[in-house]
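Reminder that position 5 of the sequence shown reads as 5 in UniProt numbering, one-by-one numbering, no gaps.
Where is the CB? At the ideal position from N, CA and C, for every residue including glycine.
It should be emphasised that the depicted structure is a prediction, and the values quoted were computed from it without experimental measurement.
Below is one structure, written out as structure tokens; comments come after it.
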Amino acid sequence: MTASNSPFSLQANVLLPIPSLMAWDLLTSPTQYQWNRALQKFEASLGFHTGSKLQLTLQSLRGPLSLVAEVVESTPGKLLTFESSFRCLFCRHQENWSFTFIEESSSAVCLTIRYSLSGAFAARVWDEKKLIVNNILNLWLESVKQQAKRM
């Protein structure tokens with residue numbers, strides 16, 4: 001996991017031995033909570049179309065972390081971006097989750113997950129959020145990697 005150029009962001013990637021559309025299907029599977037150790041609960045209102053609402057319960061070191069997110073960009077096999085928000089000291093903070101699929105060959109794809117945080121008090125909550133999200137992203141990538149090997 002590495003921090004990108006934004007002061008409040010993380011990025012991680014993994015090379016998967018499957019085509020990008022198969023990787024997309026893994027990430028958008030309604031039953032991925034059964035094999036994805038980062039997810040305890042997963043529901044999508046309209047699938048993964050732009051504007052769809054996602055309800056996720058993520059596994060963290062502090063226990064379950066629930067969030068409601070909206071899909072803001074969706075291109076099958078290429079990009080999935082969703083946003084969620086929370087309040088800290090009465091101010092709204094925005095979380096952006098982005099999944100990018102870059103084809104390395106016809107049978108391999110590099111999956112990159114980016115997380116960024118913005119808001120008035122982002123610096124105050126970043127140290128805690130960074131540890132929580134780092135753990136979630138590592139679990140998510142490892143789960144996808146293991147599931148891709150089984151395919």
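| task | Mind checking which residues open and close the beta strand (DSSP E) that includes residue 175? | result | Limits of the chain in this structure are 1 at one end and 151 at the other, which puts residue 175 out of reach.
| query | Contact check, Arg62 vs Ile132 under 8 Å by CB: the rounded distance? | reply | Approximately 7 Å separates the beta-carbon atoms of Arg62 and Ile132; this is inside 8 Å, confirming the contact.
| Arg114 in three-state terms, based on DSSP | Reduced to three states, the DSSP call for Arg114 is strand.
| Contact check, Leu89 vs Leu27 under 8 Å by CB: the rounded distance? | Incorrect: roughly 33 Å between the Cβ atoms, too far for contact.
| query | Would you say His93 and Gly51 are within 7 Å of each other, going by their C-beta atoms? | reply | When the beta-carbon positions are compared, His93 and Gly51 stay at least 7 Å from each other.
| query | How close, in whole Å, do the beta carbons of Leu21 and Phe42 come, if the pair is a contact with beta carbons under 8 Å? | reply | That belief does not hold up - the Cβ atoms of Leu21 and Phe42 are roughly 20 Å apart, past 8 Å.
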